[in-house]
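Q: Residue numbers (the UniProt record's numbering), protein chains in the order written: chain A, 1 to 159; chain B, 1 to 338.
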Amino acid sequence: MGRIRRAVLLVLLLLGLSGCGIAIPQDPEGTLEKVTGGTLRVGVSENAEWVQLPPTGDPHGIEPALVEEFADTLDATIEWVPGAEHELADDLFHGELDMAIGGFGADTPWTKEAGITRPYTETTDERGKTVKHVMLVPLGENAFLLELDQFLLAQEVTL
Amino acid sequence: MSNLREKGTARFGHTELPEKQQQALRKAVKWEWITLGFLTVSTVLVYLVLGNSQAMKAAWIEDLLSFLPPISFLVATRVIRRRPSETHPYGYHRAVGVAHLVSAVALVVMGGYLIVDSGIGLVTAEHPTIGGIQLFGSTFWLGWLMVLAMLLTAGPPVVLGIVKMKLARTLHDKVLYADADMNKADWMTALAAAVGVLGIGLGLWWADSVAALLISFSILHDGVKNLRGAIGGLTDTRATVYDDSKPDPIGTQIDSYLQSLSWVKEARSRVRDEGHVFHIESFVVPRQWRRATLHKIEKARAACVDIDWKVQDMVIVPVAELPEEFLPGLTKSGGERS
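1. Determine the burial state of B/P70: buried for a count of at least 16 other Cβ atoms within 10 Å of its Cβ, exposed for fewer.
2. When burial is assigned at 16 or more other CB atoms within 10 Å of the CB, is B/N3 buried or exposed?
3. Does B/L202 have its Cβ less than 8 Å from a Cβ in chain A?
4. Could you give the distance in angstroms between the alpha-carbon of B/G161 and the alpha-carbon of B/T189?
5. May I have the straight-line CA-CA distance separating B/V158 from A/G37, to the nearest angstrom?
6. Are the stretch 239–250 of chain B and the stretch 142–159 of chain B in contact at 8 Å, needing three or more beta carbon pairs?
7. Inspect the CB distances between the stretch 91–104 of chain B and the stretch 108–117 of chain A and report whether three or more fall short of 8 Å.
8. So the beta strand (DSSP E) A/M135 belongs to, where does it begin and stop?
9. Of the residues that make up the stretch 102–131 of chain B, which ones have a beta carbon closer than 8 Å to any beta carbon in chain A?
10. Can you give the beta carbon distance from B/V108 to B/G275, rounded, assuming they're within the 8 Å contact cut?
11. In this structure, does DSSP put B/P84 in helix, strand or coil?
12. Do the stretch 224–231 of chain B and the stretch 119–135 of chain B touch if we need at least three Cβ pairs shorter than 8 Å?
13. Closest to B/A267 by C-alpha separation, out of B/D273, B/I254, B/K174 and B/V277, would be which residue?
14. Please report the residue range of the beta strand (DSSP E) in which B/W31 lies.
15. Identify whether B/S256 lies in helix, strand or coil by the three-state DSSP scheme.
16. With three or more C-beta pairs closer than 8 Å as the rule, is the stretch 30–46 of chain B touching the stretch 128–146 of chain A?
17. Have a look at B/L191, B/A194, B/V163 and B/A192 and flag the residue whose alpha-carbon is nearest the alpha-carbon of B/A180.
18. In chain order, which alpha helix (DSSP H) runs of at least 4 residues are fully inside the stretch 84–122 of chain A?
19. Among B/V79, B/W144, B/Q134 and B/V147, which residue has its Cα nearest to the Cα of A/L148?
20. Between the stretch 101–118 of chain A and chain B, which residues of the former have a C-beta closer than 7 Å to a C-beta of the latter?
21. Determine which residues of the stretch 121–152 of chain A have a Cβ less than 7 Å from any Cβ of chain B, and write them out in chain order.
22. If I'm right that B/A300 touches B/L327 with Cβ under 8 Å, what's the distance once you round it to whole angstroms?
23. DSSP has B/T15 in a bridge; who is on the other side?
24. Going straight from the alpha carbon of B/H127 to that of B/I219, what length do you get?
25. Mind checking whether A/L153 and B/T77 have CB atoms under 8 Å apart?
26. Count the other CB atoms within 10 Å of the CB of B/W289; is the residue buried (16 or more) or exposed (fewer)?
27. Which partner residues of B/E266 appear in the DSSP bridge assignment?
28. What residue range is occupied by the uninterrupted beta strand (DSSP E) comprising A/G37?
29. Mind reading off the beta-carbon distance from B/V284 to B/V319? Whole number of angstroms is fine, and I expect it under 8 Å.
30. If you compare alpha carbons, which of B/D236, B/V224 and B/V175 is closest to B/D243?
31. So the alpha helix (DSSP H) B/I133 belongs to, where does it begin and stop?
32. Give the secondary structure of B/G91 by DSSP, where H, G and I count as helix, E and B as strand, and everything else as coil.
33. For A/P28 versus B/W205, is the C-beta distance shorter than 8 Å?
34. If you count every other CB in all the chains shown that lies within 10 Å of the CB of residue 214 of chain A, and 16 or more means buried, which is it?
35. Among B/E16, B/V224 and B/M110, which one has its Cα closest to the Cα of B/W60?
36. Return yes when the Cβ of B/Q54 is within less than 8 Å of the Cβ of B/D208, no when it is not.
Next up, the structure:
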């Protein structure tokens, strides 16, 4: 039983550590730290009312508006990177983007290349299927993901 | 259970259980149901917070596999109660061995699979992604829920294991023993998963895969240990005590009893474990043939059966000379064969 007590102590110690100073979760690649007060590199893929890419000027639509507001909370400037979904997923995987939007659903096939946020709103497609809308983030950048989740879940997004 | 009470006495095939074993059997059945109840709650709880953690996945699969031993035990205790029949002259005790083998194979396969799965995650440097969850109006890190679930499910199996271990000894039940043994070690799995998730929280992406690997190895280890035991039982290894630590003393007891009889010159037995009860063949060389009456042989058999409840399926074979081909190690001196 002594071993059990020691192991429980270890967990309590880790929990204690997190209480005093060390924020949990942390980003292995430090994304949240880099974008705060810096540049937020956002991949954009055109998708109906979610993301619209005009020939000139910044993207607009539901998701670019959300991202702009999110960037404000971090005091970050946005660098828009247009591309096809698979290019954006690949860029996320190689750490060349900080997030990507394009009206992605929670059943996106890009989960090997990118992490997804909690669904922040739901719509129904023309076949009556429910689509849970998410954004893509780099894999394992959990502090950044939690920051984005907290922001998105606090928004009221309706169509 | 109701079936047991109706008959008044619990039986293993044609063995009537002594009071102590009857009680132990009833308790063991009760505790296995409690185990199943706990496992149902814990697998649902862990599934709800599974997320992207490989360690959590491994712990969850271990929880799922933990259903097998209690179910095997409960099924086997029903099957072995049947009396031996024309088609099953030795009774149904081997059901225990079959149940044991099935659980062991499942453990080995899943352990092996998880080692490969977690190893790939480590080699390809998969960064587990765990985000927020919204509960009671606030959004916090899902990892905390995972750690909480693991800590909640770490304690109860240890208690279950300790209780069932005692019953396994009384009942001479190796499936129950294997189950209790796994339960007792279960807290380590839960803790490894919790540490893995906290590791992710600290930005150490590899902590999760390493924890998952540790859990997978422990599953494989359990599997191999049980596989050995189960195959040993099914291939008629000599009978050992409930935890396989030493040969069961019953063989020696029977030999020395038979040797003490005045009409017996030499006696040696071979003993195999049918599941709970033993199957014993005792070869006896009488001093003079005319003194080895049927009456004396029958009396000796009855006395042997009285030595222990596990002795029931026993035959005494009068022979002119101890048959070496049936009693390997005969030439060694002393009453105990090694």
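From the three backbone atoms N, C-alpha and C, an ideal C-beta is built for every residue, glycine too.
A: Based on what the coordinates show:
1. Translated into positions along the second sequence, residue 70 of chain B becomes position 70. B/P70 should be labelled buried.
2. The count along the second sequence starts at 1 and reaches residue 3 of chain B at position 3. Confidence at B/N3 is low in this model, with a pLDDT of 46, below 50, so its placement is unreliable and no value can be given for it.
3. What you label residue 202 of chain B is simply residue 202 of the second sequence in a count that begins at 1. Interface residue, yes.
4. Taking the first residue of the second sequence as 1, we reach residue 161 of chain B at position 161. Taking the first residue of the second sequence as 1, we reach residue 189 of chain B at position 189. Spanning the two alpha carbons is a distance of roughly 14 Å.
5. For the purposes of this step, residue 158 of chain B is taken as the residue at position 158 of the second sequence. For the purposes of this step, residue 37 of chain A is taken as the residue at position 37 of the first sequence. Between B/V158 and A/G37, the C-alpha separation is close to 50 Å.
6. No contact exists between the stretch 239–250 of chain B and the stretch 142–159 of chain B.
7. No: the two stretches stay apart, fewer than three of their Cβ pairs being nearer than 8 Å.
8. Counting from one through the first sequence, the residue named residue 135 of chain A turns up at place 135. For A/M135, there is no enclosing beta strand (DSSP E), as DSSP marks it with neither H nor E.
9. Within the stretch 102–131 of chain B, the qualifying residues are E126, H127, P128, T129, I130 and G131.
10. Translated into the one-based positions of the second sequence, residue 108 of chain B becomes position 108. Translated into the one-based positions of the second sequence, residue 275 of chain B becomes position 275. Contact between B/V108 and B/G275 fails: their C-beta atoms lie close to 21 Å from each other, not under 8 Å.
11. Taking the first residue of the second sequence as position 1, residue 84 of chain B is located at position 84. Residue state, collapsed to three classes: coil.
12. Output reads no: the stretch 119–135 of chain B does not touch the stretch 224–231 of chain B.
13. On the second sequence, residue 267 of chain B is found 267 positions in, with the first residue counted as 1. Relative to the Cα of B/A267, the nearest Cα in the group B/D273, B/I254, B/K174 and B/V277 belongs to B/I254.
14. Residue 31 of chain B sits at position 31 when you count from the first residue of the second sequence. It is not in any beta strand (DSSP E) - B/W31 instead sits in the alpha helix (DSSP H) that spans E19 to L48.
15. For the purposes of this step, residue 256 of chain B is taken as residue 256 along the second sequence, with counting starting at 1. In the three-state reduction of the DSSP assignment, B/S256 falls in the helix class, which pools H, G and I.
16. Contact fails: fewer than three Cβ-Cβ distances are below 8 Å.
17. Counted from its first residue, the second sequence places residue 180 of chain B at position 180. Cα-wise, what sits closest to B/A180 is B/V163.
18. The alpha helix (DSSP H) runs lying completely inside the stretch 84–122 of chain A and spanning 4 residues or more are 85–93, given in chain order.
19. The residue labelled residue 148 of chain A in the question sits at position 148 within the first sequence. Of B/V79, B/W144, B/Q134 and B/V147, the residue nearest in Cα terms is B/Q134.
20. The stretch 101–118 of chain A vs chain B, Cβ under 7 Å: G115, T117 and R118.
21. Taking 7 Å as the Cβ-Cβ cut-off against chain B, the residues of the stretch 121–152 of chain A that qualify are L139, G140, N142, L145, L146, D149 and Q150.
22. Locating residue 300 of chain B in the second sequence gives position 300, where the first residue counts as 1. Locating residue 327 of chain B in the second sequence gives position 327, where the first residue counts as 1. Their Cβ separation, rounded to whole angstroms, is 18 Å, which puts B/A300 and B/L327 out of contact at 8 Å.
23. Here residue 15 of chain B is taken as the residue at index 15 of the second sequence, counted from 1. The beta-bridge partner set that DSSP reports for B/T15 consists of B/F12.
24. To locate residue 127 of chain B, count along the second sequence from 1; it is residue 127. To locate residue 219 of chain B, count along the second sequence from 1; it is residue 219. C-alpha separation (whole angstroms): 24 Å.
25. Residue 153 of chain A sits at position 153 when you count from the first residue of the first sequence. Residue 77 of chain B sits at position 77 when you count from the first residue of the second sequence. For A/L153 and B/T77, no; Cβs fall outside 8 Å.
26. Taking the second sequence and counting its residues from 1, the one referred to as residue 289 of chain B is at position 289. Exposed, since its Cβ has fewer than 16 Cβ neighbours within 10 Å.
27. For the purposes of this step, residue 266 of chain B is taken as residue 266 along the second sequence, with counting starting at 1. As computed with DSSP, B/E266 is found in a beta bridge with B/V285.
28. By one-based count along the first sequence, residue 37 of chain A stands at place 37. Where A/G37 is concerned, there is no enclosing beta strand (DSSP E), given that its DSSP letter is neither H nor E.
29. Position 284 of the second sequence, counting from 1, holds the residue named residue 284 of chain B. Position 319 of the second sequence, counting from 1, holds the residue named residue 319 of chain B. Yes, B/V284 and B/V319 are in contact; Cβ-Cβ is about 7 Å, under 8 Å.
30. Position 243 of the second sequence, counted from the start, is the residue given in the question as residue 243 of chain B. Among B/D236, B/V224 and B/V175, the Cα nearest to that of B/D243 belongs to B/V175.
31. On the second sequence, position 133 is the one that residue 133 of chain B refers to. Counted as a single uninterrupted DSSP element, the stretch harbouring B/I133 is not any alpha helix (DSSP H) but the beta strand (DSSP E) occupying residues G132 to L135.
32. Your numbering for residue 91 of chain B matches position 91 in the second sequence. Here B/G91 carries a coil assignment [DSSP, helix/strand/coil].
33. If you number the first sequence from 1, residue 28 of chain A lands on position 28. If you number the second sequence from 1, residue 205 of chain B lands on position 205. It is a contact, given that the beta carbons lie within the stated cut-off.
34. Chain A is shown from 1 up to 159; residue 214 of chain A falls before or after that span and cannot be answered.
35. Taking the second sequence and counting its residues from 1, one reaches residue 60 of chain B at position 60. For the residues B/E16, B/V224 and B/M110, the minimum Cα distance to B/W60 belongs to B/M110.
36. Translated into positions along the second sequence, residue 208 of chain B becomes position 208. Translated into positions along the second sequence, residue 54 of chain B becomes position 54. Judged by beta-carbon spacing, B/Q54 lies within the 8 Å limit of B/D208, meaning their Cβ atoms are closer than that value.
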